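Chemist: For reference, the structure I am asking about is given below.
2 protein chains.
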Amino acid sequence: MEIKRRKTRQVRVGDVRVGGGAGVSIQSMVKAESADVKAVVSQIKALESCGCEIVRVAVKTFDDADAIRLIKKRTNIPLVADIHFDYRLAIRSIAGGADKIRLNPGNIRSRGEIAQVIRAAKSSRIPIRIGVNSGSVMSRSQAADRRPQTDNRKPITENRKPTMAGHLVDAALGYVKLFEDLEFRDIIISLKSSDVASTVEAYRRIAAKCDYPLHLGVTASGPYDSGIVKSSMGIGALLLDGIGDTIRVSLTASPIEEVIAAKRILSALGIRRSGPEIISCPTCGRCQVNLMKIVSELEKRLYAIRYTLYANRFATIALMGCEVNGPGEASAADIGIAFGKSTGMLFKKGKIVKRVKAKDAVRELIRNL
Amino acid sequence: MEIKRRKTRQVRVGDVRVGGGAGVSIQSMVKAESADVKAVVSQIKALESCGCEIVRVAVKTFDDADAIRLIKKRTNIPLVADIHFDYRLAIRSIAGGADKIRLNPGNIRSRGEIAQVIRAAKSSRIPIRIGVNSGSVMSRSQAADRRPQTDNRKPITENRKPTMAGHLVDAALGYVKLFEDLEFRDIIISLKSSDVASTVEAYRRIAAKCDYPLHLGVTASGPYDSGIVKSSMGIGALLLDGIGDTIRVSLTASPIEEVIAAKRILSALGIRRSGPEIISCPTCGRCQVNLMKIVSELEKRLYAIRYTLYANRFATIALMGCEVNGPGEASAADIGIAFGKSTGMLFKKGKIVKRVKAKDAVRELIRNL
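If you want it as structure tokens, here you go:
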């Protein structure tokens, strides 16, 4: 099913368009110290080769900021400088050629300082992401609405109840107002909470309040297995609403896994198809072949012939264990097999091609792909 | 953030309540032939021990149906008989003591046959799931809306445009009408498509049309890594809307993985907290400890002391790499460490407890948990 996308302004990050009808772009972040140019460049090249389109680096020192110029020279995709606490690092990163600045309303609050960053961004014609995170805006009692509200400080909220989503939105809108007062509208917004529901609520609210493109993500989503679940739920629910112009899956894992997960999310929703989509049943007592083994072999073979999520070639491949949903899914896929007792019917674009034995299934699929 | 749940009727599956304010229950399906009682019982016991609350078995022969009585004797959780094509298998399964019947509108269409199953279910006071799947209702041209509509057969649709979601909803509502005409309302509905967006759309539509409890799932979602992404997006988006009373994650993988993924989904949304929730950042150039290694060690240690998703004990554990979001997330969690340069601050329920070295982090977390 095609998802109707929210209309947003378009912002350019280097040569990547974000929002305004552009495809949803995939981001990740370097997990090495920025001043270590060699390590950073190597990681960016690996990320780029697997489909990362925008990459961010942490800038915590002037050395990091100065490394941007060197990193830019040796890499191709737009580079974003991640700034916290010290606005001067943003100015220095812009001077170094950063393609975008991320500022955090949770730790740079001086209007004068923000105005200086905006002036520099304006003169270099680069956008700024207003990147709010739950960990930067919350006091303990407000944290992810996990505990009762016992904090006496009254946060500015849209409605009466101070919720995490409200805090995130308020922090972003405060910045937005300041940016607009200075006639700066090259803005991308993110509102990441470590709580999935708060993340989704925050993005939905801000989507109704402005037309800036949104950078989606669930923050601190944890190690691979649980992080994939949280990120898929949060980013997926929003994309299904048509919300989201660029995404970053955060995982306590290799950044390559982040990019692969992002591609899986976009591909499964039909927003940007890439790689083979394997449609395979969970199997049950009806299944008379070792479907798990066949699917696992297929994955390995596809990888061996470089038919991966990186490749931007797309096809649906169905491997179904019985006659209940098998013929339907196999004929709906680009290619598929509906198994019966030890053999199956091979479908190609909805037409039955031949009968194949289970042991030949993978070879026949690859041959007919 | 707490999610407001949709109000539904309550249905009982054995001693598990579904809908009507009951907790969202977790289901899986046995991946062995039902007549192989020993294998089935062993798999059900394993599933039960990791948190599966309702389990389904395929009934494709009378031998399978007759095995239900034996399986029921040796297991504890409610048993669902999955019926396709032949309504007599449903009658026989009910006689064998099945706690619920799943019927597929895609392959049992005779009103007289359905009426016989309903009569048997009514006299045994068990519910029926109306379980629609994309693979059973679609013709090739209708498949997941992936291709242009070229089929001349006119499907019954709610609106003019025949979409996969429309097909799923129509198939379910046709059955519902028949059931209601026979004054049978112990109904649970599922509308699973292999296309995530169609699945979500179908459930949203039916949620607006009736108050029967809904069994959520994305069908044929494929092998583990991509299946988790699809299932999390589909089931997660619906749960975030308050839709869904029982869930089944389908994976071409061990059914144990299905149950663990289901628990992760429910826990991350705060619907049913279980196990430790690790909140950890993806790391970046700011991080000066090997956070991935620490998180991975923590996972292993938690598993070793049986503090797992199975255990239904819940705690949030934050492991954060720097001072940006670290203190916020660590203080918001039940226990957490915000790292700086080689040491970190250990927080417990929002209060700083002590400074810990990176190498002692896991031990200190476990000790203070």
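Residue numbers (the numbering used here), protein chains in the order written: chain A, 1 to 369; chain B, 1 to 369. Every residue gets a Cβ at the ideal spot worked out from N, C-alpha and C, and that includes glycine. Fair warning: this is a prediction, and the values are worked out from it, not measured in the lab.
Suppose only complete runs of 3+ residues qualify. What are the beta strand (DSSP E) ranges in the stretch 210 to 253 of chain A, listed by chain order?
Modeler: Whole beta strand (DSSP E) segments, 3+ residues: 246 to 248.
Chemist: Taking 8 Å as the cut-off, does the stretch 14 to 32 of chain B touch the stretch 53 to 69 of chain B (at least 3 CB pairs, one atom from each stretch)?
Modeler: Counting Cβ pairs under 8 Å, three or more are found: they touch.
Chemist: Can you tell me which of A:P223, A:T8 and A:I26 puts its alpha carbon nearest to the alpha carbon of E277 (chain B)?
Modeler: The residue you call residue 277 (chain B) lines up with position 277 of the second sequence. Comparing Cα positions, the closest option is A:P223.
Chemist: State the DSSP-derived secondary structure class of I130 (chain A), mapped to helix, strand or coil.
Modeler: Sequence index remark: in the first sequence, residue 130 (chain A) carries index 130 (1-based). Strand.
Chemist: Return yes when the Cβ of A46 (chain A) is within less than 8 Å of the Cβ of I91 (chain A), no when it is not.
Modeler: Walking along the first sequence from the start, residue 91 (chain A) turns up at place 91. Walking along the first sequence from the start, residue 46 (chain A) turns up at place 46. Their beta carbons are not under 8 Å apart, which means I91 (chain A) does not touch A46 (chain A) by this criterion.
Chemist: Does Q149 (chain A) get closer than 8 Å to chain B when you measure Cβ to Cβ?
Modeler: For this step, residue 149 (chain A) is matched to residue 149 along the first sequence. The predicted position of Q149 (chain A) is uncertain, since its pLDDT is 36 and thus under 50; a value taken from the coordinates is nonetheless stated next. Not an interface residue.
Chemist: According to the neighbour-count rule (16 or more other Cβ atoms, all chains shown, within 10 Å of its Cβ), is E183 (chain B) buried or exposed?
Modeler: Numbered from its first residue, the second sequence carries residue 183 (chain B) at position 183. The residue in question, E183 (chain B), is exposed, as its Cβ has fewer than 16 Cβ neighbours within 10 Å.
Chemist: DSSP three-state label for T199 (chain B), please.
Modeler: Position 199 of the second sequence, counted from the first residue, corresponds to residue 199 (chain B). Helix, per DSSP.
Chemist: Mapping DSSP to helix, strand and coil, what is V57 (chain A)?
Modeler: Counting from one through the first sequence, the residue named residue 57 (chain A) turns up at place 57. Strand.
Chemist: For the structure I just gave you, are there three or more beta carbon pairs, one from the stretch 274 to 289 of chain B and one from the stretch 211 to 223 of chain A, closer than 8 Å?
Modeler: Taking 8 Å as the limit for Cβ pairs, the verdict is that the stretch 211 to 223 of chain A does touch the stretch 274 to 289 of chain B.
Chemist: Between A261 (chain B) and chain A, is any beta-carbon pair separated by less than 8 Å?
Modeler: The residue you call residue 261 (chain B) lines up with position 261 of the second sequence. Chain A, which has a Cβ nearer than 8 Å to the Cβ of A261 (chain B), makes this yes.
Chemist: Could you name the residues of the stretch 227 to 244 of chain B whose beta carbon sits closer than 7 Å to any beta carbon of chain A, in the order they occur along the chain?
Modeler: Under the 7 Å Cβ criterion, the stretch 227 to 244 of chain B contributes I228, V229, K230, S232, M233, G236, A237 and L240.
Chemist: Please check if any C-beta of chain B sits within less than 8 Å of the C-beta of V117 (chain A).
Modeler: Here residue 117 (chain A) is taken as the residue at index 117 of the first sequence, counted from 1. So no, V117 (chain A) is outside the interface.
Chemist: Helix, strand or coil: which one does DSSP assign to E297 (chain B)?
Modeler: For the purposes of this step, residue 297 (chain B) is taken as residue 297 along the second sequence, with counting starting at 1. Residue state, collapsed to three classes: helix.
Chemist: Which residues does DSSP list as the beta-bridge partners of A318 (chain A)?
Modeler: Start at 1 with the first residue of the first sequence, and residue 318 (chain A) comes out as number 318. Answer is A:I279 and A:G336.
Chemist: Would you say the stretch 297 to 317 of chain A touches the stretch 327 to 343 of chain A, given that touching needs at least three Cβ pairs under 8 Å?
Modeler: The stretch 297 to 317 of chain A vs the stretch 327 to 343 of chain A: in contact.
Chemist: Would a check of beta-carbon distances place G328 (chain A) closer than 8 Å to chain B?
Modeler: Walking along the first sequence from the start, residue 328 (chain A) turns up at place 328. Cβ-Cβ to chain B under 8 Å: yes for G328 (chain A).
Chemist: Under the DSSP definition of a beta bridge, which residues are partnered with R12 (chain A)?
Modeler: Within the first sequence, residue 12 (chain A) is the residue found at index 12, counting from 1. Its beta-bridge partners are A:R17.
Chemist: Name the DSSP bridge partner or partners of V80 (chain A)?
Modeler: Here residue 80 (chain A) refers to the residue found at position 80 when the first sequence is read from its first residue. DSSP output for V80 (chain A) lists A:R56 and A:K100 as bridge partner(s).
Chemist: For the stretch 6 to 35 of chain A, which residues have a CB atom closer than 9 Å to at least one CB atom of chain B, in sequence order?
Modeler: The stretch 6 to 35 of chain A vs chain B, Cβ under 9 Å: S28, M29, V30, K31, A32, E33, S34 and A35.
Chemist: Along the stretch 56 to 71 of chain B, what residues have a CB closer than 7 Å to any CB found in chain A?
Modeler: From the stretch 56 to 71 of chain B, only V57, A58, K60 and D64 have a Cβ closer than 7 Å to chain A.
Chemist: Determine the contact status of Q43 (chain B) and P255 (chain B), defining contact as a CB-CB distance below 8 Å.
Modeler: Against the second sequence, residue 43 (chain B) aligns to sequence position 43. Against the second sequence, residue 255 (chain B) aligns to sequence position 255. Cβ atoms of Q43 (chain B) and P255 (chain B): closer than 8 Å.
Chemist: I want to verify the contact list: residues of chain A whose CB lies under 7 Å from the CB of I279 (chain B), in sequence order.
Modeler: For the purposes of this step, residue 279 (chain B) is taken as the residue at position 279 of the second sequence. The answer, in chain order, is S194, A220 and G222.
Chemist: Specify whether the stretch 283 to 297 of chain A and the stretch 243 to 257 of chain A touch according to this definition: at least 3 beta carbon pairs, one from each stretch, less than 8 Å apart.
Modeler: The stretch 283 to 297 of chain A vs the stretch 243 to 257 of chain A: no contact.
Chemist: Just list the residues that DSSP pairs R205 (chain A) with in beta bridges.
Modeler: By 1-based counting over the first sequence, the position of residue 205 (chain A) is 205. None, per the DSSP bridge assignment.
Chemist: Pick out whichever of A:F85, A:I77, A:D15 and A:K38 has its Cα sitting closest to the Cα of A67 (chain A).
Modeler: Numbered from its first residue, the first sequence carries residue 67 (chain A) at position 67. Of A:F85, A:I77, A:D15 and A:K38, the residue nearest in Cα terms is A:K38.
Chemist: If you compare alpha carbons, which of A:V41, A:A165 and A:A202 is closest to N76 (chain A)?
Modeler: Position 76 of the first sequence, counted from the first residue, corresponds to residue 76 (chain A). Selected option, being the one with the closest Cα: A:V41.
Chemist: So with CB distances below 7 Å, who are the chain A contacts of L291 (chain B)?
Modeler: Against the second sequence, residue 291 (chain B) aligns to sequence position 291. Ordered by position in chain A, the residues that pass the 7 Å Cβ test against L291 (chain B) are T252.
Chemist: From A:S93, A:I94, A:D63 and A:G135, pick the residue whose C-alpha is nearest to that of P105 (chain A); which is it?
Modeler: Position 105 of the first sequence, counted from the start, is the residue given in the question as residue 105 (chain A). That would be A:G135, whose Cα lies nearest to the Cα of P105 (chain A).
Chemist: Do A202 (chain B) and A165 (chain B) have their C-beta atoms within less than 8 Å of each other?
Modeler: In the second sequence, counting from the first residue as 1, residue 202 (chain B) sits at position 202. In the second sequence, counting from the first residue as 1, residue 165 (chain B) sits at position 165. In this structure, A165 (chain B) lies closer than 8 Å to A202 (chain B) by Cβ.
Chemist: Counting Cβ pairs, one atom from each stretch, are 3 or more of them under 8 Å apart for the stretch 261 to 268 of chain B and the stretch 231 to 241 of chain B?
Modeler: Taking 8 Å as the limit for Cβ pairs, the verdict is that the stretch 231 to 241 of chain B does touch the stretch 261 to 268 of chain B.
Chemist: Where DSSP assigns a beta bridge to Q27 (chain B), which residues make up the other side?
Modeler: By one-based count along the second sequence, residue 27 (chain B) stands at place 27. BP columns for Q27 (chain B) point to B:I54 and B:R248.
Chemist: So, are the CB atoms of L377 (chain B) and L298 (chain B) less than 8 Å apart?
Modeler: The shown model of chain B, from 1 to 369, leaves out residue 377 (chain B), and the question about it has no answer.
Chemist: Measure from the C-beta of E53 (chain A) to each C-beta in chain B and report whether the shortest distance is under 8 Å.
Modeler: Numbered from 1 along the first sequence, position 53 holds the residue referred to as residue 53 (chain A). Cβ-Cβ to chain B under 8 Å: no for E53 (chain A).
Chemist: Using alpha carbons as the reference points, say which of A:A237, A:R102, A:I130 and A:T283 lies closest to L269 (chain A).
Modeler: Residue 269 (chain A) sits at position 269 when you count from the first residue of the first sequence. Taking only the C-alpha atoms, the option nearest L269 (chain A) is A:A237.
Chemist: Return no unless some Cβ of chain B is closer than 8 Å to the Cβ of V353 (chain A).
Modeler: By one-based count along the first sequence, residue 353 (chain A) stands at place 353. Closer than 8 Å: no.
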